[in-house]
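Here the structure is laid out as structure tokens; the discussion comes afterwards.
Protein chains: 2
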Amino acid sequence: MFKLSRLADYAVVTMVELGRHVELVTAPALAQETGLPEPTVAKLLKVLLADGLLQSRRGARGGYELALPLKDISIARVIAAVDGPVMVTACVDGGDCGCTSGCSLKGKWDVVNDAIRATLEAISLADMTRGAPDGAGGLSAGVRRGPESAAPGAAVLGG
Amino acid sequence: MFKLSRLADYAVVTMVELGRHVELVTAPALAQETGLPEPTVAKLLKVLLADGLLQSRRGARGGYELALPLKDISIARVIAAVDGPVMVTACVDGGDCGCTSGCSLKGKWDVVNDAIRATLEAISLADMTRGAPDGAGGLSAGVRRGPESAAPGAAVLGG
DNA sequence: GCATAGAGTACCGCTCAGGTCCTGTTTTCG
DNA sequence: CGAAAACAGGACCTGAGCGGTACTCTATGC
Ligand code: FES
Ligand code: FES
Numbered sequence: 003m004f005k006l007s008r009l010a011d012y013a014v015v016t017m018v019e020l021g022r023h024v025e026l027v028t029a030p031a032l033a034q035e036t037g038l039p040e041p042t043v044a045k046l047l048k049v050l051l052a053d054g055l056l057q058s059r060r061g062a063r064g065g066y067e068l069a070l071p072l073k074d075i076s077i078a079r080v081i082a083a084v085d086g087p088v089m090v091t092a093c094v095d096g097g098d099c100g101c102t103s104g105c106s107l108k109g110k111w112d113v114v115n116d117a118i119r120a121t122l123e124a125i126s127l128a129d130m131t132r133g134a135p136d137g138a139g140g141l142s143a144g145v146r147r148g149p150e151s152a153a154p155g156a157a158v159l160g161g
Numbered sequence: 003m004f005k006l007s008r009l010a011d012y013a014v015v016t017m018v019e020l021g022r023h024v025e026l027v028t029a030p031a032l033a034q035e036t037g038l039p040e041p042t043v044a045k046l047l048k049v050l051l052a053d054g055l056l057q058s059r060r061g062a063r064g065g066y067e068l069a070l071p072l073k074d075i076s077i078a079r080v081i082a083a084v085d086g087p088v089m090v091t092a093c094v095d096g097g098d099c100g101c102t103s104g105c106s107l108k109g110k111w112d113v114v115n116d117a118i119r120a121t122l123e124a125i126s127l128a129d130m131t132r133g134a135p136d137g138a139g140g141l142s143a144g145v146r147r148g149p150e151s152a153a154p155g156a157a158v159l160g161g
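Protein sequences appear in the order of chains H and W. Add 2 to the 1-based position in the first sequence for our numbering, that's all there is to it. Add 2 to the 1-based position in the second sequence for our numbering, that's all there is to it.
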């Protein structure tokens, strides 16, 4: 149903929690603070570390810390680390999704994919921490511009 | 990996193919034109019909036709019909995703969800048919505004 | 009345995400 | 030096849900 995996969700939660500390934090401590199961958190941390989003110190008194400040980490980055790159369909980046023979939409999904990716890249983890302004222009720059009122997609594709 | 289901992909293909006809089209004919398996197409058509996106005529000489012109049908609409409403995590619209106890991100995902939904609503099926402008401002209004260059998400949340 | 084609429903197998566990390695501390 | 702490890196298992299939019923046209 077009949702990202629960692991990606948990990864964002874990990263934000990590951002609240300045010193190294252990996996069990993070699990307790976030309320997530410890093995899952440990697994997530390894993945995030492998992607370069975290730094770690082994051994006793070890733990994890962010490699970048929260504001410099986009949600897309975290999702890509856990779930792999954003691909709305299997036929972006040249793959096949079944309707191979002369499908007229073959490359068109890339546009949609790019839009989604841009949207996710425009939101940082720091944005998740601060309260979203309820009424006023929450999403300002253009992502949120009331597409229901105008003709859908009128201004999207330049054609 | 944050992809929509294959059925949703097929649904868009089928809808676009339907848009190329003015008269009723049968499910087998659509299957042949799109290259998709016939049972799957038939199932899809039933779902799309139930959602009001199609009109049908039963019996001999029956078939399907679009209930609305392609330009008035957003991708989000098709996806919602097949895959259900767009929900990036399970904790939008008040649900739980596991980290229930005092999760600081509880409502923040709604913002992300809204952004994704708006992006998908801004692209119509008609936009999928016409060639995406390669160089020039493909995604004009703001969805594509180079978040890599500026600080990610700097202008997103008004706070 | 028969052929056509959609409407509706029920079912089944396969894939993969989500979760658990184990073992090895590194570092600190007593 | 030994023991404990904590990360590193797998292997493995299970369940839900997607994707696909089949069957029957009903409506329409010739
Ligand atoms: S190849 Fe993916 S939509 Fe046709
Ligand atoms: S409740 Fe979904 S992120 Fe915490």
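Every residue gets a Cβ at the ideal spot worked out from N, C-alpha and C, and that includes glycine.
Arginine 22 of chain H vs cysteine 99 of chain W beta-carbon contact at 9 angstroms = no
Are lysine 73 of chain H and leucine 127 of chain H touching if we call contact CB-CB under 9 angstroms?
-> yes
For valine 90 of chain W, does the three-state DSSP call read helix, strand or coil?
-> coil
Please name the residue, chosen from W:Lys48, W:Leu46, W:Pro30, W:Leu47, that lies closest to glutamate 1 of chain W on a Cα-to-Cα basis.
-> This structure cannot settle anything about residue 1 of chain W, because the visible part of chain W is limited to 3 through 161.
Between the C-alpha atoms of leucine 55 of chain W and valine 80 of chain W, what's the straight-line distance to the nearest angstrom?
-> 8 angstroms
Using a C-beta cutoff of 9 angstroms, does proline 30 of chain H count as contacting chain W?
-> Interface with chain W (9 angstroms Cβ-Cβ cutoff): proline 30 of chain H is excluded.
Using the rule of at least 16 other Cβ atoms within 10 Å of the residue's Cβ for burial, across every protein chain shown, is arginine 63 of chain H buried or exposed?
-> exposed
Out of H:Glu25, H:Ile125, H:Met3, which has the shortest C-alpha to C-alpha gap to alanine 78 of chain H?
-> H:Ile125
Please decide whether serine 58 of chain W counts as near chain H, where near means a Cβ-Cβ distance under 9 angstroms.
-> no
Would you say the beta carbon of alanine 92 of chain H comes nearer than 8 angstroms to a heavy atom of ligand 1?
-> Yes, since a heavy atom of ligand 1 falls inside the 8 angstroms radius drawn around the Cβ of alanine 92 of chain H.
What are the complete beta strand (DSSP E) segments, minimum 3 residues, inside the region 50 to 91 of chain W?
-> 56 to 59, 65 to 68
Buried or exposed: arginine 60 of chain H, going by 16 or more other Cβ atoms within 10 Å of its Cβ?
-> exposed
For leucine 51 of chain H, collect the residues of the same chain with a Cβ closer than 8 angstroms to its Cβ; drop the 5 residues on either side in sequence, then sort them by chain order.
-> Gln57, Ser58, Tyr66
Cα-Cα separation between glutamate 25 of chain H and lysine 45 of chain W, rounded to whole angstroms = 55 angstroms
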